[in-house]
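**Q** For the record, the sequence lines run as chains A and B. Position one of the first sequence corresponds to residue 1 (the UniProt record's numbering), numbered consecutively onward. Position one of the second sequence corresponds to residue 1 (the UniProt record's numbering), numbered consecutively onward.
Protein chains: 2
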Amino acid sequence: MALPTHVRIVEVGPRDGLQNEPLSISTDVKVTLIEKLAAAGVSYIEAGSFVNPQWVPQMAGSDEVFQKVSRQPGVTYAALTPNLKGFERALSAGATEVAIFAAASETFSQKNINCTIDESLGRFEPAMAAARDANIRVRGYVSCVVGCPYEGDVPPDKVRHVAAQLMQMGCYEVSLGDTTGVGTPADIQRVIDACSAEIPIEQLAVHLHDTYGQALANIYAALEMGISVVDSAIAGLGGCPYAKGASGNVATEDLVYMLNGLGIEHGVDLGELLEAGSYITTKLARDTGSKVAAALADR
Amino acid sequence: MALPTHVRIVEVGPRDGLQNEPLSISTDVKVTLIEKLAAAGVSYIEAGSFVNPQWVPQMAGSDEVFQKVSRQPGVTYAALTPNLKGFERALSAGATEVAIFAAASETFSQKNINCTIDESLGRFEPAMAAARDANIRVRGYVSCVVGCPYEGDVPPDKVRHVAAQLMQMGCYEVSLGDTTGVGTPADIQRVIDACSAEIPIEQLAVHLHDTYGQALANIYAALEMGISVVDSAIAGLGGCPYAKGASGNVATEDLVYMLNGLGIEHGVDLGELLEAGSYITTKLARDTGSKVAAALADR
């Protein structure tokens, strides 16, 4: 299959990235990061989340972030929402889109959000209804699509089932998350293969952590199957507080570098992206997780 | 095209890896590393080089390394040789195979070994004749197959021309080196496409540095084209002293992890490989360049 001509990059750094950083991050830094990402041409930014701040303290100021960030035309500023209350907060803060989530592993669902997968989907029903009323688009995430830190291998059919339920509930797209980064290209293709039996490939995205260094190879394999929406985080920020060893999303800079080489359009300027990455890693006092950023900084 | 069922891993850590490390490394450490790699099931180890120690001081003790290492049946202990004198030293030290090299970029050839590409190939003629007489197999390397730090993009036809010359001189295999790691899967496929027009795909290998994080994706793309010999370095050691920013071969651990996931045989035990990587990074007092090693060490 030919590679897609265009890829939509979903930048999750300000949410999935920052939520797991040990240093406290001010609202102003978050706002500046988001504005720099938009200036670089990123058209979809997950800018915050409205989960209980007791669980994810880094996201406590998301209301303020959404209120303060100066908006660019054509850019989606999305929020992760766990329930109706979160959805209402996201809406009043000015999120242009929201995301909901479910695990493909029962044990992960229990440990992460203390309920079964079905219960977790049920909890989203009121938020989905409210989103329909407010004409707000909802994106779905499935986590642990290859492996679960508690259960090990996750069957592709389980992923397909959860992804299909999210679509039936009204999500316009489902992002398949290899939360622990254990997958290789064969695993990712098996999952995509299973899900695309029920969901058009255009409505599937991949969200791959680089814990085992496989993320870019997996994205390449996904592109070959027709996937054209890819999640990534500036400077490879991120991880999952509930999955040991799940450090780091694939770095947006490294993704953009690969897409440039493949001649795939994405609308992002690598130079400005590197500047956004340099900004946030300086603020976080951490090394970049992007090899491209590290290589070009050496020059 | 279907992926190969078996991949031969060419471990270049003890040579291409160590030659660029800042710490001085004792012969005993090199010998132990090579023995640990063989114990892990690696069947091809580039164990040293016989270049002028003035230029590559880390390889000064290669004679002693070859003499001291206890050999395992079925394992190739190869040496990089720059000329007849180097070949003779390699032979008397007990190398079971040698490698010669040429750049695909004229400027790189000039800066690296102070002669044109044709001159560099000519210099190998006496060594090739001696290898034929001694019944020693010779592997060829082409460096800068995608980009050159001085010239920028390198045309695939230039690579094909140099690779074909190495084969005509009597090499049994040519390894295509992305010395500066700038390539993406499209670049690598273009180079393989060009070279395989003249050289059977079974006689081509890839040697990819991970400077821009693209190495595993590039290897995956190469496997899809039928490449079944892949160079890598334990713990992602290495770089090139003459190419700025050319840090790090693809880590053998990460390659093995991907091959395991793809169901491709390679004969290497990941657990023992991780131990070899842990051994050498401890001796070098550096972090591992393998994400798999880092992830599994966290557990």
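Virtual Cβ for every residue (Gly too), placed ideally from N, Cα, C.
Give a yes or no on whether 8 Å exceeds the smallest Cβ distance from A:P4 to chain B.
**A** Not closer than 8 Å to any Cβ of chain B, the Cβ of A:P4 fails to qualify, so no.
**Q** Tell me B:G141's beta-bridge partners as DSSP assigns them.
**A** In the sequence as displayed, the identity of residue 141 of chain B is Tyr instead of Gly. B:F101, B:S175, per the DSSP bridge assignment.
**Q** Taking the CB atoms as reference points, tell me whether B:V145 and B:G177 lie closer together than 8 Å.
**A** Going by C-beta atoms, B:V145 is nearer than 8 Å to B:G177.
**Q** Counting only Cβ-Cβ distances shorter than 7 Å, please list the residues of the stretch 214-239 of chain B near chain A, keeping chain order.
**A** For the stretch 214-239 of chain B, which is checked against every Cβ of chain A, the residues closer than 7 Å are Q214, L216, A217, Y220, A221.
**Q** Nearest-angstrom Cα distance between B:D28 and B:C195?
**A** Roughly 39 Å separates the two Cα atoms.
**Q** If we cut at 8 Å on Cβ distances, does A:T252 have a partner in chain B?
**A** For A:T252, the answer is no, since every Cβ of chain B falls outside 8 Å of its Cβ.
**Q** Evaluate B:E224 with the Cβ neighbour count: other Cβ atoms within 10 Å of its Cβ, from every protein chain shown; 16 or more gives buried, anything less gives exposed.
**A** B:E224 should be labelled buried.
**Q** Quick one: any contact between the stretch 230-239 of chain B and the stretch 7-20 of chain B, if contact means 3 or more CB pairs under 8 Å?
**A** The stretch 230-239 of chain B, when compared against the stretch 7-20 of chain B, does touch it at the 8 Å Cβ threshold.
**Q** Nearest CA to the CA of residue 305 of chain A: which residue from A:L33, A:V174, A:I34?
**A** Given a span of 1 to 299 for chain A in the structure shown, any question on residue 305 of chain A remains unanswerable.
**Q** Can you grab the Cα-Cα spacing for the pair residue 341 of chain B / B:A197, in whole Å?
**A** With chain B covering only 1 through 299, there is no way to say anything about residue 341 of chain B.
**Q** Would you say A:A194 reaches chain B, if we count a Cβ-Cβ gap shorter than 8 Å as a contact?
**A** No, A:A194 lies away from the interface with chain B (no Cβ there is under 8 Å from its Cβ).
**Q** Find the residues of chain D that neighbour A:D187, judging by a C-beta separation of less than 8 Å, and give them in chain order.
**A** The chain inventory of the structure shown lacks chain D, comprising the protein chains A and B.
**Q** Looking only at C-alpha atoms, which of A:N52, A:G61, A:E97 sits nearest to A:K85?
**A** Nearest C-alpha to A:K85: A:N52.
**Q** Looking at the secondary structure, which residues open and close the alpha helix (DSSP H) in which A:E46 lies?
**A** From DSSP, A:E46 is part of no alpha helix (DSSP H) but of the beta strand (DSSP E) over 44-49.
**Q** Can you pull the chain A neighbours of B:D210, defined as C-beta to C-beta under 9 Å?
**A** Within chain A, the residues near B:D210 are G213, K291.
**Q** Grab the span of the beta strand (DSSP E) containing A:T76 for me, first residue to last.
**A** From DSSP, the beta strand (DSSP E) with A:T76 extends over 76-80.
**Q** Is A:T288 close to chain B? Criterion is C-beta to C-beta, closer than 8 Å.
**A** Output row for A:T288: interface = no.
**Q** Pull the bridge partners of B:S92 from the DSSP assignment, please.
**A** Note: B:S92 sits in no beta bridge, so no partner.
**Q** Residues of chain A with CB closer than 8 Å to the CB of residue 308 of chain B, please, in chain order.
**A** This structure gives no information on residue 308 of chain B, because the portion of chain B shown stretches from 1 to 299.
**Q** Evaluate contact between the stretch 59-79 of chain B and the stretch 111-125 of chain B, counting only Cβ atoms and requiring at least three cross-stretch pairs below 8 Å.
**A** Result no; under three Cβ-Cβ pairs closer than 8 Å.
**Q** Please state if the CB of A:A285 and the CB of A:L33 are separated by a distance shorter than 8 Å.
**A** Taking 8 Å as the Cβ cut-off, A:L33 and A:A285 do not qualify as a contacting pair.
**Q** Could you give the distance in angstroms between the alpha-carbon of B:V230 and the alpha-carbon of A:R137?
**A** Looking at the two C-alpha atoms, the distance is approximately 45 Å.
**Q** Between which two residues does the beta strand (DSSP E) carrying A:L204 extend?
**A** A:L204 -> beta strand (DSSP E) spans 204-208.
**Q** Rounded to whole angstroms, what's the CA-CA distance from A:V162 to A:G140? Just pull it up for me.
**A** Spanning the two alpha carbons is a distance of roughly 10 Å.
**Q** Between A:I9 and A:V268, is the Cβ-Cβ spacing less than 8 Å?
**A** Yes. Within cutoff.
**Q** Once DSSP output is grouped into helix, strand and coil, what is the label at A:H6?
**A** It is a strand residue.
**Q** Would you decide whether A:E265 is buried or exposed? Buried here means 16 or more other CB atoms lie within 10 Å of its CB.
**A** Classification of A:E265: exposed, given that the 10 Å Cβ count is below 16.
**Q** Between which residues of its own chain and A:V292 is the CB-CB distance below 6 Å, once the five residues before and five after are set aside?
**A** Excluding positions up to five away in sequence, the list reads E253, D254, Y257.
**Q** In angstroms with no decimal places, state the Cα-to-Cα distance between B:T281 and B:K36.
**A** Each residue's alpha carbon lies about 13 Å from the other.
**Q** Taking only three categories from DSSP, how would you classify A:A285?
**A** Coil, per DSSP.
**Q** What is the residue span of the beta strand (DSSP E) that B:D231 lies within?
**A** 229-232 is the extent of the beta strand (DSSP E) around B:D231.
**Q** Suppose the cutoff is 8 Å on Cβ atoms and the five residues either side in sequence are ignored; what does the same chain contact list for A:K158 look like?
**A** Closer than 8 Å at Cβ, skipping near neighbours: A104, S105.
**Q** Are the CB atoms of B:D187 and A:G261 within a distance shorter than 8 Å?
**A** Against a cut-off of 8 Å, the Cβ pair of B:D187 and A:G261 comes out as a contact.
**Q** Could you spell out the range, first to last residue, of the alpha helix (DSSP H) harbouring A:I219?
**A** That run of the alpha helix (DSSP H) goes 215-224.
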